[in-house]
Every structure is written in structure tokens, then in C-alpha cells.
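Numbering (the working numbering), first residue to last: 95 to 319.
Beta carbons are placed, not taken as given, at the ideal position from N, Cα and C, and that holds for glycine.
For clarity, every value in this text was computed on a predicted model and none was experimentally measured.
Everything on this sheet refers to the single structure shown next.
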Amino acid sequence: MARPSKPLLSRERIVDAALAVVDAEGLSALSTRRLAAELGVSGPSLYNHFASKDDILDAVADRVVGEADLSMFGTCDWQEALVRWARSYRAALAAHPNIVPVVPRGPGRRPASLAMADAVFGCLTGAGWPPAHATRIGALMRYFIAGSALGSFARGFLDDPGVYEGSYPHLGQAHLLADHRERVDEGAFETGLRALVDGLALQYDTAVGAAPPATARPLARDLPG
């Protein structure tokens, strides 16, 4: 039997192509028609693998989330695990900033996102945090990480000093920020991350003092999601 002239269509190929379009041109550039053209197939053939464009975007977002390292959970104490995970997760999102607005829609049925939620929640409850606190900490960390990956603070300032002179006396050096984007943005993330984790450490004794016994099952309202 002759081999097909083109690789067979698969979920993986569709996700690869969709991520390439989103990375290069943004979310608005992605459509099922564009994606089918990129893959050299008819539009309806995509629906053999995904129910809708939103399902494709969910899979793309989950592919990016899956690039984050989770190996520190279960091998480090909860503070170090949160720090290492946050850095890895932010790096994964920052490598694909155009898909970041889709990430907060999860985890839904996304396998990588659910695995991440499970790992974070398990780490925190395993360290003694009550389930309700662990849920809020997981949400807090993801808000912070996703927000930091949405864009560059430093690049938001124009390199024209005339924009700031006179009207904004405290922004006299703001025109230099874009030239130091990496140092400014990375420094801001590290400062915020350390403040969050150190702040949580201060709350730990009080929160864990009220923790239920290890054998107690968490109430449904305390579970993540």
C-alpha cells in the first residue's frame, strides 16, 4: 500500500500548527480556516479531532502549561517548591505570551493544567496547610505568575524623555526602562515572588495550627476548582 503523501492529521499536528500561528501573529490570527490552510487540509477535517476553535485553544494553552516543571513537588519543602515551580511556570508562559490570556480559562478538562493543580494542592496540604488555604494559595500564585507573563512592564514606557519631562517629575528616568527590560521585569517578578512566599511563611504557623487531622477528608467547598 502506498504511503500517504502528507502526514496524517492528528491532535498533536493541529496543536503544533495553532501554537505556531498564535506565537507569530497573536490570537486574532487563528481561525479554523487559517489553521486548515496551514495544515493543507479541509476545514471540516479539524472537527474530527476538536469540537471547536475554543477546544483547540484549550489544547494549545495546555501544551504550554505542560512545559512547566513539576518535579520539585514532593522533593522540596513547600516554600522552595513554590519558588521553583513559579519560575518554571512563568518561563513557560513567557515563551508563548500570546496564549497567556487563554490560560486562566482552565483547568477545565486540560490534563496538564489539572496535573499542575493537583501537584500544587497536594504539596500544600501535605505540608499541613488546611485545604481552603491551599486552594487560595494556589489561585494566588497562578494569578501572580500569569499576570507577570502577560507583558513587559519596562517596555510599556516610551524611550522619549520628552514624554515625562515637566508633567511627571518622578519619571525622569522612565525613558531608560525599555533598555533594561530583562533586569526590570525579572527583578520585579523575583521581588514579588519572594514577598508572596515570605508572607505565606509568616501565616503558616497560625493557619496550620487550625488544620484538621491528617486523616480528615476535606469538605467539597475546600477542594480546588
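Asked: Check whether the stretch 267–280 touches the stretch 210–230, taking contact to mean three or more Cβ pairs, one atom from each stretch, closer than 8 Å.; Found: no
Asked: Cα separation between D148 and H264?; Found: 44 Å
Asked: Using CA coordinates, which residue listed in A112, D117, A118 is at the minimum distance from T126?; Found: A112
Asked: If we require 4 or more residues per run, which alpha helix (DSSP H) segments fall completely within the stretch 192–242?; Found: 205–220
Asked: Between F167 and the rest of its own chain, which residues show a CB-CB distance below 8 Å, the 5 nearest in sequence each way excluded?; Found: A175, W179, A213, V214, G216, C217
Asked: Indicate the three-state DSSP secondary structure (helix, strand or coil) for F283 in the structure shown.; Found: helix
Asked: Taking its Cβ as the centre, do 16 or more other Cβ atoms sit within 10 Å of D279, making it buried, or is it exposed?; Found: buried
Asked: In terms of residues, what are the limits of the alpha helix (DSSP H) holding D148?; Found: 147–159
Asked: Three Cβ pairs or more, each shorter than 8 Å: is that satisfied between the stretch 195–212 and the stretch 250–263?; Found: no
Asked: To the nearest angstrom, how far is it from the Cα of I193 to the Cα of R107?; Found: 17 Å
Asked: Tell me where the alpha helix (DSSP H) around V177 begins and ends.; Found: 172–188
Asked: Please work out which residues of its chain come closer than 6 Å, Cβ to Cβ, to I239, disregarding the five sequence neighbours upstream and downstream, and give them in chain order.; Found: A180, Y183, R184
Asked: Counting C-beta neighbours from all protein chains within 10 Å, is the total for S242 16 or more, i.e. buried, or is it exposed?; Found: buried
Asked: Near L244, which residues of its chain fall below 8 Å by C-beta distance, leaving aside the five closest residues on each side in sequence?; Found: P191, V194, P195
Asked: Please identify the residue among H143, V158, S139 whose C-alpha is closest to the C-alpha of P201.; Found: V158
Asked: Would a C-beta distance cut-off of 9 Å place V115 and L124 closer than the cut-off?; Found: yes
Asked: For I150, which residues in the same chain have their Cβ closer than 6 Å to its Cβ, ignoring the five residues on either side in sequence?; Found: A112, F144
Asked: For L234, count neighbouring C-beta atoms within 10 Å of its own C-beta (all shown protein chains included) and say buried if the count is 16 or more, exposed if not.; Found: exposed
Asked: Taking C-alpha atoms, which residue in L271, S246, L294, F251 lies nearest to P224?; Found: L294
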